[in-house]
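Numbering of the sequence shown is given in our numbering, commencing with residue 501 and proceeding in unit increments. Note that beta-carbon positions come from the ideal geometry of N, C-alpha and C, so glycine has one too. What follows is a single structure, written as structure tokens, with notes after it.
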Amino acid sequence: MHLIYEQSTPGRRGVRLPASDVPAASALPDTLLRAEKAGLAEVSELDLVRHFTNLSRRNFSVDTNFYPLGSCTMKYNAKVLENSAALFTPFHPMTALLPGGVDFCQGTLGMLYDLGQLLADITGMDEVTTQPLAGAHGEMTGIMLIAAYHAAKGNRAKKKYVVVPDSSHGTNPASAAIAGYEIITVPTAPYGDMDLELFKAAMSDEVAAVMMTCPNTLGLFNPHIKEISDIAHSFDALMYYDGANLNAIMGKVKPGDVGFDVMHVNLHKTFGTPHGGGGPGSGPVGVKRALIPFLPQPRIVMDGDGKLQLETANPGTIGRTANFFGNFGVMVRAYAYIIMLGREGLIQVSEQAVLNANYIKEKLKGHYDLPYDMTCMHEVVFSASRQLEHGVHAIDIAKFLIDKGYHPPTVYFPMIVKEAIMIEPTETESKATMDAFIEAMIEAARTAESSPQALHDAPLTMPISRLDETKAAREQNVCHIG
Ligand SMILES: *Cc1c(COP(=O)(O)O)cnc(C)c1O
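Written out as structure tokens, the structure is:
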């Protein structure tokens, strides 16, 4: 397929406007005019439509097939949520900040305020800011809030470290490092969670925060979580909850009830926004009362008359962390999702997500090594170590699944599992879909034994086969393929 620029023919146009029959109002000043042409592709409307339609058909999405990408919660995103988000498009995101804007925007501010309250209820936090634009951005915002909390107590210099388990998502230590902390990594015990004794040894008065995902990236719920947070609090370290795995416990456990002080929620994972390819995301951050004074501004607050106002003069705030109020459209989707499902529906989501993952675990554990063989939560992590005896790696199985029409599961993460294959079916897949996927996984395991080369050669049905991924990352040269 050629790039759109390679299809360009000088003078070709998609749309031709008739010559204007009214006088031009005024010419743009020279300073606003380009010196040169913009260099856009010159194509007909049909060329353009075909180009992008064909490109989109090479895309894989939840709307086209099963997408069991562990840690990403690639659930079906109901179209009614898209329609809900579209209802708000006439509003400029700055409207509330204009003179009189707050009066005009009580409805949109009310939606944001209500969403914050719903998320606070779901997570057991006292207040939520919707500003952060993704999970990682939420983590950074959360760690900045923790830093502000320690600074307000005169402890900013003393509190140097953030503790993370070695199973943590890479964004956890990265966010803490960007916020100025040194990282202490605690190994995982054979029972699949942060080693409790090594954790105790790592703790001191110099620790500012402990960042955890629960269930962790092995899909396992940590039975010591309350004890861990009690220990952290005894050193005045705050507990940060990475909410990427909230789909497993929503309606069942509130992170705020088991000792977490700050957390983010990935609306694009748990709450009905399509994602992939980098966006759009949203990572609202919830905090316990002690951290409210440091929240980003403008903060939406309700006055005594029940009217929403924007608080902008809080001296303790860490400041604004994103433009406007965050990714507004994503929040409309999340709001509609929560209202649509209700309390009982959200509980059903997590129950079904956990049931589905355990179904796949039980069906596949005779064919793949299961390093942590216990009841999992919403995702299950296998290892391709048995297949490795035939020279087949996790990546080969992933590529084979592409030929079968599936998006591959997450591979090589979490990094503590050799040849990891991390499968997250989510609650929205039917038993029939999961059964067909299980069949494909079993076929991959059998093929690894009978003809490993077939797996090395996959995928055969795609426009391109295997890329030199290192070269592709180092030399980002967008040339035309196939
Ligand atoms: C996805 C994910 C993140 C980061 O969230 P983004 O929204 O992609 O920035 C953090 N931790 C875990 C466990 C995740 O799965």
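Would Ala-748 pass as a contact of Phe-771 if the rule is Cβ separation under 9 angstroms?
Taking a C-beta distance under 9 angstroms as the contact criterion, Ala-748 and Phe-771 do not qualify as a contact pair.
May I ask you to verify whether the stretch 738 to 752 touches the stretch 938 to 954, counting CB pairs closer than 8 angstroms and requiring at least 3?
No, the stretch 738 to 752 is not in contact with the stretch 938 to 954.
For Cys-572, is the beta carbon positioned less than 8 angstroms from some heavy atom of ligand 1?
Yes.
Should Asn-745 be counted as a contact of ligand 1 given a C-beta to heavy atom distance under 8 angstroms?
The answer is yes for Asn-745.
Kindly list the residues whose CB is nearer than 8 angstroms to the CB of Gly-511, restricted to its own chain and excluding five residues on each side of it in sequence; keep chain order.
For Gly-511, where only same-chain residues beyond five positions count, the Cβ hits under 8 angstroms are Glu-542.
Nonlocal neighbours in the same chain, by C-beta distance under 8 angstroms from Tyr-868, ignoring five residues either side:
Result list for Tyr-868: Phe-882, Ser-883, Ala-884, Arg-886, Gln-887, Ile-921, Met-941 and Ala-945, in chain order.
Less than 9 angstroms between the C-beta atoms of Leu-810 and Gln-797, yes or no?
In contact: Leu-810 and Gln-797 (Cβ atoms closer than 9 angstroms).
From this set, Tyr-835, Gly-905, Pro-871 and Pro-593, which residue's C-alpha is nearest Val-580's C-alpha?
Val-580 has its Cα closest to that of Tyr-835, out of Tyr-835, Gly-905, Pro-871 and Pro-593.
Could you give the distance in angstroms between the alpha-carbon of Ala-620 and the alpha-carbon of Val-801?
If I take the Cα positions, the gap works out to 14 angstroms.
First and last residue of the beta strand (DSSP E) that includes Phe-882?
Here the beta strand (DSSP E) through Phe-882 covers 880 to 883.
Three-state secondary structure (DSSP) at Asp-614?
Residue state, collapsed to three classes: helix.
For Thr-821, count neighbouring Cβ atoms within 10 angstroms of its own Cβ and tell me buried if that reaches 16, exposed if not.
Thr-821 is buried by the Cβ-count criterion.
Are the stretch 631 to 646 and the stretch 704 to 715 in contact at 8 angstroms, needing three or more beta carbon pairs?
Result yes; three or more Cβ-Cβ pairs closer than 8 angstroms.
Assign Gly-964 to one of two classes, buried (16 or more other C-beta atoms within 10 Å of its C-beta) or exposed (fewer than that).
The sequence shown places Ile at residue 964, rather than the Gly named in the question. Label assigned to Ile-964: exposed.
DSSP puts Gly-772 in a beta bridge; with which residues?
DSSP output for Gly-772 lists no bridge partner at all.
What does DSSP give as the partner residues of His-764 in its beta bridges?
Note: His-764 is bridge-paired with Asp-742 and Val-785 in the DSSP secondary-structure output.
Is Ala-945 close to ligand 1? I mean its beta-carbon at under 8 angstroms from any heavy atom of the ligand.
Checking every heavy atom of ligand 1 against the Cβ of Ala-945, none is found closer than 8 angstroms.
Collapsed DSSP secondary structure at Val-549 in the structure displayed
DSSP, reduced to helix, strand and coil, places Val-549 within a helical segment of the structure shown.
Starting from Gly-826, follow its DSSP beta bridges and name the residues at the other end.
For Gly-826, which the question treats as bridged, DSSP gives the partners Phe-824.
First through last residue of the alpha helix (DSSP H) which encompasses Ala-898
Unbroken alpha helix (DSSP H) run through Ala-898: 894 to 903.
Starting from the C-beta of Arg-789, find all residues in its chain whose C-beta is less than 6 angstroms away, skip the five residues before and the five after it, and write them out in chain order.
The residues are Asp-626.
Since Lys-700 contacts Glu-682 with CB under 8 angstroms, what's their CB separation in whole angstroms?
The Cβ separation is near 19 angstroms, so there is no contact.
With a 10 Å radius around its C-beta and 16 neighbouring C-beta atoms as the bar for buried, classify Met-594 as buried or exposed.
It is exposed - the Cβ of Met-594 has fewer than 16 other Cβ atoms within 10 Å.
Do Leu-555 and Met-501 have their beta-carbon atoms positioned less than 9 angstroms apart in this structure?
In contact: Met-501 and Leu-555 (Cβ atoms closer than 9 angstroms).
Asn-565: which of Thr-928, Asp-666 and His-592 sits nearest, CA to CA?
It is Thr-928 whose Cα lies nearest to the Cα of Asn-565.
Within a Cβ cutoff of 7 angstroms, which residues of the same chain sit near Gly-982, ignoring the five residues on either side of it in sequence?
Interpretation of Gly-982 is limited by its pLDDT of 43, a score under 50 that renders its predicted location unreliable; no figure is taken from the coordinates.
Cα-Cα separation between Lys-899 and His-650, rounded to whole angstroms:
Distance between the alpha carbons of Lys-899 and His-650 is about 48 angstroms.
Between His-980 and Leu-967, what straight-line distance do the alpha-carbon atoms span, to the nearest angstrom?
Here His-980 scores only 48 on pLDDT, less than 50, and its place in the model is too uncertain to base an answer on.
Applying the 10 Å Cβ sphere with the 16-neighbour rule, what's the burial state of Thr-509?
Per the 10 Å Cβ criterion, exposed.
With a CB to CB cut of under 8 angstroms and the five nearest residues on each side skipped, what residues in its chain are close to Gly-759?
Excluding sequence neighbours, Gly-759 sits near Ile-725, Lys-726, Ile-728, Ser-729, Asp-730, Ala-732, His-733 and Met-739.
Proximity of Tyr-859 and Met-934 at Cβ, strictly below 9 angstroms
Against a cut-off of 9 angstroms, the Cβ pair of Met-934 and Tyr-859 comes out as a contact.
Start-end ranges of the alpha helix (DSSP H) lying completely within the stretch 564 to 652, minimum 4 residues
The qualifying runs are 579 to 586, 601 to 604, 606 to 623 and 635 to 652.
What span of residues does the beta strand (DSSP E) with Thr-685 cover, start to end?
Where Thr-685 is concerned, the enclosing beta strand (DSSP E) starts and stops at 682 to 686.
For a quick check, are the C-beta atoms of Asp-757 and Gly-624 less than 9 angstroms apart?
Taking 9 angstroms as the Cβ cut-off, Asp-757 and Gly-624 qualify as a contacting pair.
For Asp-742 versus His-669, is the C-beta distance shorter than 9 angstroms?
Contact: yes.
Neighbourhood of Pro-767 by C-beta distance below 6 angstroms, restricted to the same chain and skipping five residues each side
Checking the displayed sequence, the identity of residue 767 turns out to be Leu instead of Pro. Here the set comprises Thr-773, Ser-782, Val-830 and Ala-834.
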